[in-house]
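J.:
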Amino acid sequence: MEYKVKVVNAVADIPQVTWDALAEGEGPFLRYDFLNALEQSACCDEASGWFPQHLVIEQAQTTDQATINKDACPSSVESAVIAIIPGYLKTHSYGEYVFDHSWANAYHQHGIPYYPKWVAAIPFTPVSGSRILTHEKAPFSDTLLALISQTVQSMVEEAISSCHWLFTNARTQELLGNHSGLLTRYAVQFQWHNYQYTSFDSFLSALTSRKRRDMKKTQRKLVEQGIHYRHLTGSEITDEVLDFFLQCYQATYLKRSGHTGYLNEDFFRQLRDTMADNMLIVTAYKHDSPIASALFFFDDTGLYGRYWGALEEVSGLHFACCYFEGIAFAIEKKLPLFNPGTQGEHKILRGFEPIYCQSQHELFSAPFHDAVASFLQQESEHIVAYFNQAQDVLPFNNDITPTLKTTNTPNPLLAVNNHNEKTI
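If you use numbering that gives the first Met the number 0, the sequence shown corresponds to residues 0 to 423, in order.
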C-alpha cells in the first residue's frame, strides 16, 4: 500500500467530522474543538513557539503518486484520510512536561542548533493518549514510519534536529512498533483510580485509618471556616462563573510566574462555547463569597484536572478543591480515573497511585542519538526506583493494596533498555 503524508498548519484545514471520527473515544484533549481553540486563540502559533504542523496520512490513489506532499489538505481530504497526527514545530521546550533542556544544552555546547524540533503532543497538557488518530489496527510499516520521519525533516528550510512523541498511550506505542530510530523514555505521574467506589466515604474506607483521619481532619477544618463548593458543568458555566475562574487563574499564575499564563481568556471562552459539556468548574466559597476556582475536563475516559487559582490563601483549600472534590465528582459520575496533572509527590498520600508514562524520541544526529540512548538507560533505573518508592508509601489499607493497578504494574526497565540498546 502506498501513502501520502501531508503537512497541515491548522486544525481548521481538516474537516471537523473527519478529525472527530478518528479521535472518537480518545479523550477531550484530542478533540477538534480543543486543539482548534488553541490555534484560534493564538495560544499555539508561530509567535508562541508552538507552530502547528499536523501530519495527515492518506492512502495514495495510484502507485506512481508522490508519497510526500507538504501542501495543505484539499477539501476532498475527508474520503482519503486514514490517520492524523497532531504535531507542532517547537522553538523551545516549554509546555511539554518531558524535560529535554539538557539535550538542548548539549547541542548548543557543540555549536549545533537543537531548535526547531517537531513534537507529536497536546500543548500544555501532560496527559497520555493517542498521538496517531487512526482506525488502522496493524503497526505502521517501516516504510510509512520512514515517510513520517522524512516529512518531519523536510518541513522547513532550516534543519530540524529531532522528532518527539510525547505521552503516548499503548495504542500509539503499538503503531510505532519497534521502529529502530525511536528511543523510549519513561516518567512517573500520579493518577487516582475508581475501584467501584460508591461515595467519597467509600473511598476513604479503602485507606489506612491514619490517612483517613488526616483527610477528614483537613475537610473538617475547612468546613469550620465556612468553606463549601459548587460543581458546575454545561450551561451552568455562565459568563459570571467563567469570569471568576479566569480572575483566580490569572492572579495565581501572575503571583507564581510573573505572567498570567500560557493560555489566554479567548481560549477558555471558546472552549466554554464548544465543549461546556466536557468541562467542570469547582468554585470554592467562604460563607457566601467565592474565593477559589478549579477547572477540569471529563468524558467517559476519565476526569482531568488542569487549572486552578485562588484569591485568598486558606490552608488545605488547594488539596480539597483540586483533589478531594475531583475524586468526589469522579465517583458520582462513575468515571474510571482522575488524572490531576503532572508531578507532585503530595498526591501520593491522597490516594493517587504512581503510573508510568512513555515518550518516544528520534534525534537525527547519530552521535547525539546514541548519547541520549545511553542517558535514557541510566535514567530509567532512577525512574523505576522513584516509582517503587512512591508505591511503598501509598495510603491504602492491606485489603485493597493487592488489587491496586500500581501493584500489578510490570517493571519496564528490561524492555526499555533492550530497545534503546539497539541504537547504540
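Quick reminder that beta carbons are idealized off the backbone N, C-alpha and C, glycines included.
1. In chain order, what residues of the same chain lie with their CB nearer than 7 Å to the CB of Thr341, ignoring the 5 residues before and after it?
2. Using a Cβ-Cβ cut-off of 7 Å (strictly less than) and excluding sequence neighbours within five positions of Ala319, which residues of its own chain qualify?
3. Which residues share a DSSP beta bridge with Asn338?
4. Looking at the structure shown, is Thr167 part of a helix, part of a strand, or coil, going by DSSP?
5. Where Ser101 and Pro85 are concerned, what is the direct C-alpha to C-alpha distance, given to the nearest angstrom?
6. Among Gly325, Lys5, Ser379, Ala41, which has the Cα closest to the Cα of Thr150?
7. Closest by CA to Ser234, which one among Ile280, Ser153, Ser358, Gly176?
8. From Asn263 to Ala250, what distance separates their C-alpha atoms?
9. Leaving out five residues before and five after Asp19 in sequence, what residues of the same chain have Cβ atoms less than 7 Å from its Cβ?
10. Terminal residues of the continuous beta strand (DSSP E) containing Cys356?
11. As an exercise, report each continuous beta strand (DSSP E) stretch of at least 3 residues that is fully enclosed by the stretch 156-216, in chain order.
12. Taking the straight line between their C-alpha atoms, what separation do you get for Asp300 and Thr197?
13. Between the Cα of Cys356 and those of Thr408, His368, Pro289, Asp276, spot the shortest distance and give me the residue it belongs to.
14. Do Asn387 and Thr207 have their C-beta atoms closer together than 8 Å?
15. Thinking just about the alpha-carbon of each residue, which of Tyr228, Met274, Asn277 is nearest to the one in Ile290?
16. Below 8 Å between beta carbons: does that hold for Ile121 and Leu21?
17. For Glu38 and chain C, any beta-carbon pair shorter than 8 Å?
18. Quick check on DSSP: helix, strand or coil for Ala71?
19. Which of helix, strand or coil does DSSP assign to Ala370?
20. Trp117 and Ile159: beta carbons closer than 8 Å?
21. Could you tell me the distance, in whole angstroms, from the CA atom of Tyr114 to the CA atom of Glu157?
22. On a CA-only basis, which of Arg130, Asn193, Arg271, Asp287 is nearest Ile330? Give me that one, please.
23. Among residues of its own chain, excluding the 5 on either side of Tyr385, which ones have a beta-carbon nearer than 6 Å to its beta-carbon?
24. Quick check on this structure: which residue in Asp200, Asp238, Gln246 has the alpha carbon closest to the alpha carbon of Lys215?
25. Determine the burial state of Ser78: buried for a count of at least 16 other Cβ atoms within 10 Å of its Cβ, exposed for fewer.
26. Where does Thr406 land, buried or exposed, given buried means 16+ other C-beta within 10 angstroms?
27. Straight-line CA distance for Leu37 to Phe266?
28. From Val155 to Leu146, what distance separates their C-alpha atoms?
29. Take the Cβ of Asp99 as the centre, count every other Cβ of all protein chains shown within 10 Å, and call the residue buried at 16 or more, exposed below.
30. Here's the rule: buried if 16 or more other CB atoms are within 10 angstroms of the residue's CB, otherwise exposed. What is Ser292?
31. Taking all protein chains shown into account, decide if His286 is buried (16 or more other Cβ within 10 angstroms of its Cβ) or exposed.
32. Report yes or no: do the stretch 331-339 and the stretch 295-309 share at least 3 C-beta pairs separated by less than 8 Å?
33. Measure from the alpha carbon of Lys89 to the alpha carbon of each residue in Ile56, Phe123, Gln58, Glu57, then state which is nearest.
34. Helix, strand or coil: which one does DSSP assign to Pro411?
35. Quick one: grab the DSSP three-state call for Ser292.
36. Which of helix, strand or coil does DSSP assign to Lys136?
T.: Per the coordinate set shown:
1. Tyr96, Pro125, Gln188
2. Thr217, Gln218, Leu221
3. Tyr303
4. strand
5. 25 Å
6. Comparing Cα-Cα distances from Thr150 to each of Gly325, Lys5, Ser379, Ala41, the minimum goes to Lys5.
7. Ile280
8. 13 Å
9. Arg30, Tyr31
10. 352-362
11. Here the runs fully enclosed are 161-167, 182-192.
12. The identity of residue 300 in the sequence shown is Thr, whereas the question assumes Asp. Near 18 Å, if we compare the C-alpha coordinates of Thr197 and Thr300.
13. Ranking Thr408, His368, Pro289, Asp276 by Cα distance to Cys356 puts Thr408 first.
14. no
15. Tyr228
16. no
17. Among the chains of the structure shown, chain C does not appear; only one protein chain is present.
18. Only weak support is given to the placement of Ala71: the predicted model assigns it a pLDDT of 44, under 50, and the value that follows is read from those uncertain coordinates. For Ala71, the three-state secondary structure derived from DSSP is coil.
19. helix
20. Note that the C-beta distance between Trp117 and Ile159 is below 8 Å.
21. Each residue's Cα considered, the two are about 9 Å apart.
22. Asn193
23. Val187
24. Ranking Asp200, Asp238, Gln246 by Cα distance to Lys215 puts Asp200 first.
25. Here Ser78 scores only 46 on pLDDT, less than 50, and its place in the model should not be relied on; the value that follows carries that caveat. Ser78 should be labelled exposed.
26. exposed
27. 6 Å
28. 16 Å
29. So Asp99 ends up on the buried side.
30. By the Cβ neighbour-count rule, Ser292 is buried, with 16 or more other Cβ atoms within 10 Å of its own.
31. Answer is exposed; the Cβ neighbour count stays below 16.
32. With three or more CB-CB distances shorter than 8 Å, the stretch 331-339 counts as touching the stretch 295-309.
33. Of the residues Ile56, Phe123, Gln58, Glu57, the one whose Cα lies closest to the Cα of Lys89 is Phe123.
34. coil
35. strand
36. coil
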